[in-house]
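First comes the structure, then the notes that go with it.
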Amino acid sequence: MSDVTMTPTSPSNGASNRTSPLQWVRVNLFSSVSNTIQTIVFTAITLGLLRALLGQAFSEEADWTSVSTNLRLLMIYNYPADQIIRIWVSAAVVLLAAGLSLGAWKVEPGYTVGRLGRHLVGLGLFSLVTRLLLPVHAPDTVRTWLIIIGVVSLVAGVVVQRGDPDGDRVMGFGTVLSGVALTFLAVLWLVPFGQYGLVDGVLVAESGTTVASSTKVPWTVLLIIVVASHRVGIILGRALGRSLRAALAAFWVVGPAFVIFVILRDPAFDWAHVWSTDIPIAAMFGLGGAAVLYFVAAPGKTEVARAVGAMLFAFALFNWVAAFFGWYPMLQKVRISFLIFAIVVLLVPAFAGDRSTRRRVAGGWVAAMVVFHWLLTAINTESTLVITAPPFLGGFVLTVGIAYYVMLASFPLGVLLSLARTSKLPIFRVMSTGYIEVIRGVPLITVLFFFSIMLPLFLPKGMGISDLAAVFAGYTVFSAAYMAENVRGGLQSVRRGQYEAADALGLTTVQRTSLIVLPQALRVSIPNLVGQAIAVFKETSLIAIVGGFDLLRIANSTIPNQPDFLGQKRPGLLFISLVYFVFAYSMSKSSQRLEARLKDAQAR
Amino acid sequence: MSQTSSSSAIHYGTTKPPLWRNVAVLKWCAQLAVLLGVLAVFWFLIAEARTNLAAKSIPVGYDWLDNPANFQLGEGIQTVDTPERSLTMSRALWVGMVNTLRIAALGIIFSTLLGVLVGISRLSKNFVAQRFSSAYVEGLRNIPVLVQIILWLAILGSLGKLTPDTGPIPGWVIVSQKGISLPRVFLADGFYQFAALMLVFVVGIVAVRRQLKRRQDRDGGDLRIGLWTFVLFVISAAIAWLINPIMAFLGPIFGAIEDAWGAVPQGAMQLLLCVIAVVGVITWIRKFLDSKRSPAGLAKLTDDDWFRMIFSVFVGVVAVFVVVRGWPGLSSWIINSGSDFWGVLGDKFGDGRGAKPLDAMRPTLTEGRFVNFGDTGLTLTVFYASIFLGLVFYTSAFIAEVVRGGILAVPSGQSEAAAALGLTRAQALRKVVLPQAFRVIMPPLGNQYLNITKNTSLGIAVGFSEIVQVGQTVYNKNSQTLAVFSIYMIFYLSCSLSISSVVNTINRRLAIVER
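Line order of the protein sequences matches chains A and B.
Going by our numbering, the first sequence opens with residue 236, and the numbers climb by one from there.
Going by our numbering, the second sequence opens with residue 87, and the numbers climb by one from there.
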C-alpha cells in the first residue's frame with residue numbers, strides 16, 4: 236500500500252535537464268559498490284511489494300464491481316435517491332466557497348512546469364511497471380488502460396519538459412486547478428467506466444457505456460464552479476480584501492452546519508410555531524441584545540458592561556439551577572442565548588471603540604443570533620426525508636462532516652484548556668492539567684464507548700441524545716485535549732516581553748490574551764493543528780466500531796453482506812485506503828507548504 | 087499578577103481597593119466558582135446516573151469481579167474455565183490486560199526496528215532507497231491504522247486452509263487462514279545452570295574489560311575492546327553450554343535459604359517494612375532539600391515544594407499504617423512468597439538437570455488445528471497477526487520520521503568535527519551523531535510507544551481479546567459499565583505513566599551526558 240506514489244526509476248532533482256538519463260543513472264544508482272547493492276536490494280523490495288499489492292487487488296476472487304456499483308453508498312450512504320439534488324447543491328455551495336477562499340487568500344502552491352513534467356514521466360513509468368507486474372487475473376481493460384495512461388503521460392511529460400528546459404517556470408494556481416478539472420472531466424466523459432446500479436436488489440450492469448449523465452452533468456457543473464469561483468475570488472479579493480475574507484471565514488464556521496441541517500436534512504418547519512415562538516425569541520435577543528451591545532461598546536462604559544454582564548451571567552446560571560429544581564419553565568435555547576449574551580457583554584469592553592466599531596459589534600451580534608436561532612430551530616425540527624436506515628448521514632459525507640465539526644468544536648475548547656493550563660491560577664491549572672492528561676492517557680475508542688453508552692444514562696429524564704451526537708460529543712472532548720497541547724506549544728513560544736509590553740500599554744487580561752498572545756501563539760501552532768486535523772480525519776474510522784456508517788463500516792460490513800458481493804472485502808478496503816490516503820496526504824503536503832510560508836514570513 | 091497590583095497599591099499609598107474590586111479576591115472567587123460549577127455538574131450527572139441505574143436495578147460496585155465469567159476468550163493465558171483455575175470476571179479481565187501488554191511490547195520492539203531501518207534509509211544518498219522509504223512513510227502514515235488492521239485481517243483471512251503441508255516451509259513456517267506459526271526456541275531444563283554459570287563468567291569478562299580499558303587510557307592505541315569482549319563472551323557461552331551441570335550444587339543452597347526465609351517471624355517482617363518506609367521517606371526529603379541547596383544556602387521553598395514534602399510524609403504514614411494495621415497479611419505474604427521463590431529456584435537446580443539450556447520445537451498440528459500449549463511452535467492467530475502487523479507497520483512509519491528528524495537535527499558540523507579528529511564514519515556515527523540524535527528522538531519516540539499501547543484497543547474491531555474487548559463482553563453480560571470503564575482508565579493510565587516514566591528516566595540520563 237506504500238507504493239501508491241512509487242516512481243521507481245524516474246529522474247528527479249532537476250538534474251535531468253542538464254545530464255543525460257544514462258549519466259544520471261550512473262551517478263545516482265551505481266556510483267559505488269554500496270550504492271549498487273542498495274539499488275538492487277531496494278528495487279527488489281519495491282517490485283516485490285508492488286507485486287504483492289497488485290496480487291491482493293486483482294486476486295482471483297476480487298470483484299471490483301463491488302466498489303463501482305456501491306460508489307453512491309460509499310459517498311452518501313442511504314440518502315434518498317429522489318432528493319439527491321440536495322447533495323449536489325450542498326457540494327456546489329461548499330466548492331463555491333472553497334474556490335472563492337483559494338482565490339481570496341491567493342493560495343499559490345508554487346508548482347513548476349519542470350516538476351509537472353517529472354511527475355508525468357514518473358506516472359508513465361509507474362503505470363508501465365504496474366502493467367508488467369499485473370497478475371493473470373487482472374481484467375483486460377485494466378491492462379489496456381495502464382498502457383494508454385503510461386504512454387500518454389510519458390509522452391506528455393517529455394513534451395512538457397522540452398517546452399520548459401530550465402524547469403523553473405511557475406504555474407499559477409488557476410492553471411493547475413483548470414488542468415486538474417480538465418483531466419477529471421476527460422476521465423469522466425471518455426473512460427468507459429460502465430454504469431452499474433442496484434435496482435430492487437438486483438445488479439444491473441451496462442458495461443461499456445459511460446457514467447450516467449445524472450452524475451456526469453452535475454460533476455461538470457461543479458468543476459466549472461470551482462475554476463470560475465477561484466477566478467472570481469481573486470478579482471473580488473482585490474476589490475474587497477478583508478471584508479470578503481471575513482465573510483468567507485464566517486461561512487466556514489457556520490456554512491457546513493447550515494448545509495447539513497438545512498439543505499441536507501430539509502427540516503419541515505411548523506410555520507405557525509416559528510412565527511409565534513421562534514422568530515419573536517430570535518428578534519428579542521437579536522435586536523434587544525444589539526441595543527445593549529451598542530450602548531456598552533463605547534470606550535467609557537467598561538464598568539457598566541461589567542456590571543450588566545455579571546448580572547446577566549448570574550441570571551443565566553440561575554436559569555439552569557431553576558431548571559434542575561423545576562421552579563419555572565423556560566426554553567432551553569433561551570437559557571443558552573442568555574448565557575452567550577452574558578459572555579459577549581463581559582468580553583465586549585475589550586473591543587470597545589468609536590461609532591463604526593459599535594455599529595459593527597451590534598450588526599455582528601444580530602447576524603450571529605439570526606443564524607444561531609435558525610440553526611437551532613432547524614436542528615430541533617423533524618426532517619421531511621424518508622430514510623430507510625436511520626442515520627441520514629453516512630459514508631464519505633459522514634467522515635468529512637464529523638472530522639470537520641470535531642475540529643471546529645474542539646478548537647475553542649482546546650484554546651480555553653491550554654490557556655487554563657498555562658495560567659497562574661492554581662485551581663484552573665490543576666483542573667485543566669488533570670483533564671488533558673487523563674484524556675490523553677486513554678484510547679479514543681474507550682472515550683467513544685463511554686459517551687455512546689454512558690451519556691444517555693447521565694442525562695435527566697426526557698432528554699435524549701442521538702447515537703451520532705453522543706459519539707460526536709465524545710470525539711470533541713477527546714480531540715480538545717490534544718488540541719490544547721498543540722496550542723500550549725504555541726503559547727509557550729510567545730516571549731515574556733510581549734506580555735510585559737501588553738501590560739505596559741494598560742491592556743486588560745482579556746485584551747492581552749485575545750489581541751496580543753493568542754494571535755502569535757496560534758500562528759506558531761498552525762502546523763501542529765493541521766497535523767491534529769489529519770489525525771482527527773483518519774481516526775473518524777473508529778466511528779465504524781461504535782455504530783456509525785462511515786466509509787470503513789460500509790466497505791467492511793455493508794458491501795460484503797450484499798447478496799451480489801458476498802465476502803468482497805479487499806477491493807472496498809483498498810479503495811477506501813486510497814480515499815483516506817489522498818485526503819490525508821494532500822492535507823499534510825499543504826501543511827508543509829504552509830509551514831514553509833510561515834517560516835519565510837517570520838524570517839522577513 | 088495579583089502580587090504586582092497589590093504591591094503597586096501599597097507603593098503609591100492609595101487606599102486599598104474594596105473587596106469586589108480586589109483582583110486577587112476576584113480571581114480566587116472566579117476559580118472557586120468554576121470549580122464549584124464543575125463539581126455541581128458532576129454531582130448532578132452522577133445523581134442522574136444513580137437514579138437511572140437504580141431504575142434498571144443494576145447494583146453499583148465491584149462485587150461482580152469474583153463472579154464466574156461464563157464466556158470464553160479468544161486467546162490468552164487462560165481461555166476457558168479449568169478445574170485448576172476457574173475463569174472469573176477479574177481473571178478474564180486480567181487475561182485481556184496480558185494480551186494487551188503482550189501485543190504492545192512486541193509492537194514496540196518490532197516497530198522500533200523497522201522504523202529505525204526505514205528512517206535511516208530515508209537519509210540514504212541512493213535514489214531508490216530514498217524514494218522507497220519516503221513512499222513507505224507517506225503511504226503507511228496517511229491510511230488510518232484501523233483500516234490497515236482490517237485490511238490485514240481480510241488478507242490473512244483469504245489465505246489457504248490449514249493442512250500439515252501448508253506453508254512457505256511446510257512443517258516449519260506455516261501461513262494459513264488460522265494464523266502464522268513458526269518454530270519456537272524455549273528454555274529447557276539446563277537453562278538455569280547455564281545462566282548461573284554465565285553470570286559468573288560475565289563478572290570475569292567485565293573485570294577483563296575494565297583492565298583493558300584502563301590500559302588503553304594509559305598507553306593509548308586501540309586494544310579492540312569490543313572485539314575481545316565479544317570473543318570472550320562466545321567462548322564462555324560455549325564452555326557454559328558444555329559444563330553447565332556443575333552448577334547443580336546451587337540447588338541445596340537455595341533450599342536452605344527457603345527454609346531460613348520461611349522461619350522469619352511476622353512481627354520482624356512488619357518492623358522491617360516500617361523501617362524501610364520511614365528511612366525511604368527521610369532519604370527522599372533529604373535528597374530533595376539537597377537539590378534545593380545552592381552555595382548561598384537553602385533556596386526559598388515554593389508552595390509546590392512544601393506540598394511535595396508533605397505528600398511524601400503522608401505516603402510514608404499511609405505505608406506504615408497499611409503494613410501494621412490495614413493489611414497485616416502483607417508481611418506474611420512476603421514471607422511465604424519469598425520462601426516459595428527460593429524453593430522454586432532451588433527446584434530448577436535439582437539433581438539430574440543437566441540437559442541442553444535451550445531447545446526448539448516445530449509447530450504441532452492436531453486435527454487441523456495448532457496446538458497452543460506446552461513446548462510447541464509459536465503461533466499467532468489471524469486476529470493477533472492482523473493487529474500486530476497493522477500496528478507495527480503504521481507506527482514504524484511514524485518512528486521512521488522521528489528517527490530521520492533526530493539525525494537531521496544534529497548539526498553537520500558535529501560529523502565534520504568528528505572526521506577532522508580522525509574518527510571513521512562508523513565511529514563518528516556511534517560516538518558523536520547518534521548520542522546527540524537520541525536526545526531529540528527520545529521524547530517523540532516515547533509518544534509513539536504510548537500510541538501503540540493505546541492503539542492495541544483497536545483489537546476490538548477484529549475480535550482480538552484485549553482489555554477493551556473483554557471489558558465490553560463483561561459489561562454486555564452484567565451492565566457494569568461504569569466499573570468496567572474505571573478499570574479501563576486505571577489500566578491505561580498506569581500503562582501511560584510507566585512508559586512515560588521510563589522514557590523520562592532515559593531522557594534524564596541522556597541529559598546528564600550533555601554536561
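Built from N, CA and C at the ideal position, the CB exists for glycine as well.
No experiment lies behind these values; they were computed from the predicted model shown.
Under the three-state DSSP convention, the category residue i falls into
{"i": "A/Gly476", "result": "coil"}
{"i": "A/Met406", "result": "strand"}
{"i": "B/Ser584", "result": "helix"}
{"i": "A/Glu738", "result": "For clarity, residue 738 of chain A is Asp in the given sequence; the question names Glu instead. In the structure shown, A/Asp738 sits in a helix (DSSP, three-state: H, G or I)."}
{"i": "B/Val271", "result": "strand"}
{"i": "B/Ile255", "result": "strand"}
{"i": "B/Gly383", "result": "strand"}
{"i": "A/Thr444", "result": "Only weak support exists for where A/Thr444 lies, its pLDDT of 48 falling under 50; the value from the coordinates is given anyway. Of the three classes helix, strand and coil, the one that applies to A/Thr444 here is coil, per DSSP."}
Unbroken alpha helix (DSSP H) run spanning residue i, endpoints
{"i": "B/Leu345", "result": "A small correction: the amino acid at residue 345 of chain B is Asp; Leu does not occupy that position in the sequence shown. First-last of the alpha helix (DSSP H) with B/Asp345: Leu336 to Gly348."}
{"i": "B/Ala240", "result": "Val231 to Gly243"}
{"i": "B/Ile80", "result": "No answer is possible for residue 80 of chain B: the residues shown for chain B start at 87 and end at 601."}
{"i": "A/Asp702", "result": "Asp702 to Ser728"}
{"i": "B/Asp376", "result": "Gln352 to Ser377"}
{"i": "B/Asp303", "result": "Phe277 to Asp305"}
{"i": "A/Leu581", "result": "Gln567 to Leu582"}
Own chain residues within Cβ distance below 6 angstroms of residue i, not counting five before or after
{"i": "A/Gly588", "result": "none"}
{"i": "B/Ala293", "result": "none"}
{"i": "A/Tyr346", "result": "Met406 and Val411"}
{"i": "B/Met87", "result": "Only weak support exists for where B/Met87 lies, its pLDDT of 40 falling under 50; the coordinates are left without a value."}
{"i": "A/Ser255", "result": "none"}
Residue range of the unbroken beta strand (DSSP E) whose run includes residue i
{"i": "B/Gly265", "result": "Gly265 to Leu268"}
{"i": "B/Ala446", "result": "Leu444 to Met447"}
{"i": "B/Leu466", "result": "Leu464 to Thr467"}
Within-8 angstroms CB hit, residue i to chain A
{"i": "B/Leu387", "result": "no"}
{"i": "B/Lys113", "result": "yes"}
{"i": "B/Leu179", "result": "no"}
{"i": "B/Ser666", "result": "This structure does not reach residue 666 of chain B, given that chain B is present from 87 up to 601, and the question cannot be answered."}
{"i": "B/Thr567", "result": "yes"}
Residue-chain proximity (residue i, chain B), Cβ-Cβ < 8 angstroms
{"i": "A/Gly443", "result": "Its pLDDT being 46, under 50, A/Gly443 is placed unreliably in this model, and the value from its coordinates should be taken loosely. No - not a single Cβ of chain B is within 8 angstroms of the one on A/Gly443."}
{"i": "A/Gly599", "result": "no"}
{"i": "A/Gly345", "result": "no"}
{"i": "A/Phe693", "result": "yes"}
{"i": "A/Leu264", "result": "yes"}
Residues of its chain near residue i, where Cβ-Cβ distance is below 7 angstroms and the 5 sequence neighbours each way are ignored
{"i": "B/Val448", "result": "The residue asked about is misnamed: residue 448 of chain B is Arg in this sequence, not Val. Excluding residues within five positions, the ones whose Cβ falls inside 7 angstroms are Gly257, Trp258, Pro269 and Gly463."}
Cross-chain neighbours of residue i in chain B, by beta carbon under 9 angstroms
{"i": "A/Met604", "result": "Here the premise fails: no neighbours, minimum Cβ distance about 25 angstroms."}
{"i": "A/Ile780", "result": "Leu232, Leu544, Ile546 and Ala547"}
{"i": "A/Ser823", "result": "Glu224, Arg227 and Asn228"}
{"i": "A/Thr281", "result": "Val214, Arg217, Phe218 and Ala221"}
Closer than 8 angstroms at the beta carbon, the chain A residues around residue i
{"i": "B/Ala323", "result": "Result: empty, since nearest Cβ-Cβ is about 32 angstroms, beyond 8 angstroms."}
{"i": "B/Ile229", "result": "Met236, Lys773, Ser812, Tyr815, Phe816 and Ala819"}
Chain-ordered chain A contacts of residue i [CB-CB under 7 angstroms]
{"i": "B/Gln117", "result": "Leu660, Ile662 and Phe663"}
{"i": "B/Gly476", "result": "None at all; the shortest Cβ gap to chain A is about 11 angstroms."}
{"i": "B/Leu232", "result": "Ser776, Leu777 and Leu787"}
{"i": "B/Phe130", "result": "Phe559"}
{"i": "B/Met355", "result": "By Cβ distance, chain A contributes nothing, its closest Cβ being about 35 angstroms from B/Met355, past 7 angstroms."}
Cβ shell of residue i (< 8 angstroms), same chain only, five flanking positions each side left out
{"i": "A/Asp501", "result": "Gln318, Arg321, Ser618, Thr619 and Leu620"}
{"i": "B/Thr174", "result": "Leu151, Asp152, Asn153, Pro154 and Ala155"}
{"i": "A/Leu610", "result": "Val489, Ala492, Phe493, Phe496 and Val497"}
{"i": "B/Ala324", "result": "none"}
Within chain B, partners of residue i - CB distance below 7 angstroms
{"i": "A/Asn791", "result": "Ile236"}
Contacts of residue i in chain A (Cβ-Cβ under 9 angstroms)
{"i": "B/Thr559", "result": "Correct list: empty, because the minimum Cβ distance to chain A is about 13 angstroms."}
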